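Below is one structure; the comments refer to it alone.
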Amino acid sequence: KVVFVEVIALDGDVLLSEEITFEDDGISLLDLIDEAIDLDYQMSEYGAFISGIGGFYPREHGFTWNYWFSLYVDDEMSMTGLDQVELRDGIKISFIESTMLDEVDLWVDDMIIAFIDAHLEDYLNETSFEINVGLAYHHLSQFNSTYAPMNELLSTPFRPSAETLSSIYQNIILDRIYSENLDTHKALIEAENVDNVYSAITQLIGLMMTSSTSNKIDSLVSTLTSTTPEYMDADYAGMLLQALSFEALENQTGVATKIEDMLTYIASNITDEGMVAYGNANASSTAQVILGLVSQGLNPRGEAYTIEGVDLIEALKTFQIDEAFKYTLANNDADLAFSTPQAFAALVMYKIYRDSFSNPAVSLYHLE
4 KVVFVEVIAL DGDVLLSEEI TFEDDGISLL DLIDEAIDLD YQMSEYGAFI SGIGGFYPRE
64 HGFTWNYWFS LYVDDEMSMT GLDQVELRDG IKISFIESTM LDEVDLWVDD MIIAFIDAHL
124 EDYLNETSFE INVGLAYHHL SQFNSTYAPM NELLSTPFRP SAETLSSIYQ NIILDRIYSE
184 NLDTHKALIE AENVDNVYSA ITQLIGLMMT SSTSNKIDSL VSTLTSTTPE YMDADYAGML
244 LQALSFEALE NQTGVATKIE DMLTYIASNI TDEGMVAYGN ANASSTAQVI LGLVSQGLNP
304 RGEAYTIEGV DLIEALKTFQ IDEAFKYTLA NNDADLAFST PQAFAALVMY KIYRDSFSNP
364 AVSLYHLE
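Written out as structure tokens, the structure reads:
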């Protein structure tokens, strides 16, 4: 007598196919398969919940509930646990990887993996440290420990000389990721003087990441909440939402109003091709807005950010080219300098927002 057992991946690939012979000795189907193949399962009041079969587990096992194995008996979904299925000759048991994620959310997960495999080393190495990629990967490795922590992935990251605001800012990010002393770069960023809103955003984020108590924080917040750049665009709105997302700033005068202003601006400038800047929808602006929204605990796939049935994550998907992103839909080549690292960061932070309980606010710049 025989039982047929198979494990099928989400894409339809057969991971395992076994024929198990048995005698009529009173053994249960659950125990028979467990002895022959090795099941990882837990018993509950609802029956046996199968986590793994023969060393195969669904994607993200132990970190999210996005994927699981559904039980099929003779090619029909079982309404009971495996422990309640009667053993009989010729029965076919299938464990089929399943998900409730839609096509777009599946793409998010696949694209993150594809980028890491194809490009991660191009952005994080001993001669280059791209901030968006570095921060996003750090968050991902903390969220899912199957990804190597940053200090194992890259033990000696590239550090620019701390001579300008942007280089001081990058050093602060590295200090935080690598849990190094902040004092030197904290003092340097506190001493900086800025003359435009973009630099003000950079300095404010740097000060907040060092837990500074500098009175410049109040001045920067005042400037950012009372000033609009000469050319207002979606990139600025997304960046400002991130800068104002620190919990310590939420009660500052003008912050809540400015956040609402930026959200109104974004909602008024969404197209079904993504966020527009300089006359064209583009991946970079769309990614910045996604980062801004999740930093405020808002869903970029929500109704408020959906135009003609296309949400911002779907819009970002249209810019994909291989394992990267192009700047505009009209471009034929990937934009590896700006759109690709920003889009990767947007996908990672959206995924963490999506997969975390109660969908909390998540930001590249909020580090434990």
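Those letters in the sequence shown? Residues 4 to 371, per my numbering, in order.
Backbone N, C-alpha and C define an ideal beta-carbon position, used for all residues, glycine too.
None of the values given here were measured: they were computed from a predicted structure.
Residue pairing of residue 47 in beta bridges, as defined by DSSP: 50. The three-state reading of DSSP puts residue 94 in coil, since its state is none of H, G, I, E or B. Rounded to whole angstroms, the separation of the alpha carbons of residue 338 and residue 243 is 23 Å. Cα atoms of residue 359 and residue 336: separation of roughly 34 Å, rounded to the nearest angstrom.
The three-state secondary structure of residue 68, taken from DSSP, is coil. A contact between stretches requires three or more CB pairs, one per stretch, nearer than 8 Å, and the stretch 315-335 meets this requirement with the stretch 277-293. Counting C-beta atoms within 10 angstroms of its own C-beta, residue 314 has 16 or more neighbours from the protein chains shown and is therefore classed as buried. Contact between the stretch 45-59 and the stretch 119-136 is absent: fewer than three C-beta pairs spanning the two stretches fall below 8 Å. Separation of residue 150 and residue 119 (C-alpha to C-alpha, rounded to the nearest whole angstrom) is 10 Å.
DSSP places residue 278 in the uninterrupted beta strand (DSSP E) bounded by 277-280. With a beta-carbon spacing of about 17 Å, residue 23 and residue 11 fall beyond the 8 Å limit used to define contacts.
Taking 8 Å as the cut-off, the Cβ atoms of residue 126 and residue 153 do not count as close. Ranked by Cα distance from residue 203, the first of 246, 30, 27 and 305 is 246. Only buried fits residue 318, as 16 or more other CB atoms lie within 10 angstroms of its CB. Taken through DSSP and simplified to helix, strand or coil, residue 292 comes out as helix. Taking the CA atoms as reference points, residue 216 sits about 10 Å from residue 189. Here DSSP, grouped into helix, strand and coil, assigns residue 314 to strand.
When 155, 71 and 197 are compared, the shortest CA-CA separation from residue 59 is found for 71. Residue 90 sits close to residue 31, with the two beta carbons spaced by under 8 Å. Its Cα nearest to that of residue 157, the residue 141 stands out among 141, 121 and 52.
Sequence-distant Cβ neighbours of residue 230 in its own chain, meaning closer than 8 Å and more than five residues away, are 200. Between residue 95 and residue 7, the C-beta spacing is below 8 Å.
Taking the Cα of residue 241 as reference, the smallest distance to any Cα among 224, 223, 269 and 69 is reached at 269.
209 is the residue among 145, 209, 301 and 124 whose C-alpha sits nearest the C-alpha of residue 165. Boundaries for residue 256: no beta strand (DSSP E) harbours it, and the DSSP string shows neither H nor E there.
DSSP, read as helix, strand or coil, puts residue 10 in strand.
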